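Down below is the structure, laid out as structure tokens.
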Amino acid sequence: MGGGRLTEVEAYLPIGDPASHSFRGETRRNRSMFGPPGRMYVYVSYGIHMLLNVVCDAESVGSAVLIRSFEPLGDVSMLCANRGMSELRSGATGKLELLSCGPGRVGQALGLHLRLDGLVFGSDSGLHLFDDGARPAVGRAVRIGIAKGGDMPLRYFASDSFFVT
DNA sequence: TGAATGATGTTT
DNA sequence: AACATCATTCAT
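Be aware that the first sequence starts at 5, since it is given in the numbering used here, and climbs by one per residue.
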């Protein structure tokens, strides 16, 4: 059982956002984006990484939020194992951010598989998403790693957190 | 700075 | 059937 608190996300809009997978309509890959909200959209990036999105808008709309980073909380042994990192010694937090900062690292730490695409958060997937009541200060900036739509400040992050890319 | 790596969408 | 693209990471 590993988990954490979200620290960095990016929004991908249903309309007027050329960087969004939904921009050119529904396909087999982005089908989940057009499904009911509260489900996950998982896809392969650069042939290597499993990226996790949360479908946010109503059915057939086509929007999602990319989970870019989270702050590990509680037992991190599973996250470490998934990432191929030796158990981090308590106190020596030098490279803790390598565990879960960056969308590819998030996917690997959580042990995502393409098979989870379209599943509901919760018992179905074994992956839970909930509001723990934290209300950190939030900063905005442009999104990372996209060619088009780079002018829109749709990246949101906990501005006082160390766990941001 | 560039290699790795494969699913997906687009073009032939 | 073939090619270009890619919401990235890691090693050099």
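Positions of the beta carbon are idealized from the N, C-alpha and C atoms, including for glycine. Owing to the predicted nature of the structure, the values given are computational and were not obtained by experimental measurement.
Backbone secondary structure at residue i - three-state DSSP
| i | result |
| --- | --- |
| Val110 | helix |
| Cys84 | helix |
| Glu63 | coil |
| Glu101 | helix |
| Leu131 | strand |
| Arg33 | helix |
| Arg139 | coil |
| Leu118 | helix |
Residue i versus residue j: straight-line alpha-carbon distance, rounded
| i | j | result |
| --- | --- | --- |
| Val142 | Val13 | 11 Å |
| Arg32 | Ile150 | 21 Å |
| Leu116 | Ile19 | 28 Å |
| Phe161 | Ser64 | 27 Å |
| Pro22 | Gly106 | 22 Å |
| Asn86 | Gly153 | 33 Å |
| Ser24 | Asp61 | 14 Å |
| Leu120 | Phe166 | 29 Å |
| Tyr50 | Asp164 | 30 Å |
| Arg144 | Ser81 | 31 Å |
| Val59 | Ser36 | 7 Å |
| Ala138 | Thr11 | 11 Å |
| Leu103 | Phe27 | 31 Å |
Inter-residue CB distance, residue i and residue j (contact presumed, cutoff 8 Å)
| i | j | result |
| --- | --- | --- |
| Phe74 | Gly29 | That belief does not hold up - the Cβ atoms of Phe74 and Gly29 are roughly 31 Å apart, past 8 Å. |
| Tyr45 | Ala15 | 13 Å between Cβ atoms; not a contact. |
| Gly108 | Ile71 | Actually they are not in contact, since the Cβ atoms of Gly108 and Ile71 sit about 11 Å apart, beyond 8 Å. |
| Leu155 | Val146 | Before going further, note that residue 155 is Asp rather than Leu in the sequence given. Between Val146 and Asp155 the Cβ distance is about 7 Å, and since that is below 8 Å, they are a contact. |
| Gly6 | Leu83 | 4 Å |
| Leu56 | Leu114 | 7 Å |
Residues bridged to residue i [DSSP beta-bridge criterion]
| i | result |
| --- | --- |
| Arg43 | Val124 |
| Met54 | Val48 |
| Glu12 | Ser73 and Phe161 |
| Ala68 | Tyr16 and Val59 |
| Arg144 | Tyr160 |
| Gly7 | Leu77 |
* Asked: Using 8 Å as the Cβ pair cut-off and three pairs as the minimum, do the stretch 115-129 and the stretch 37-53 touch?
  -> yes
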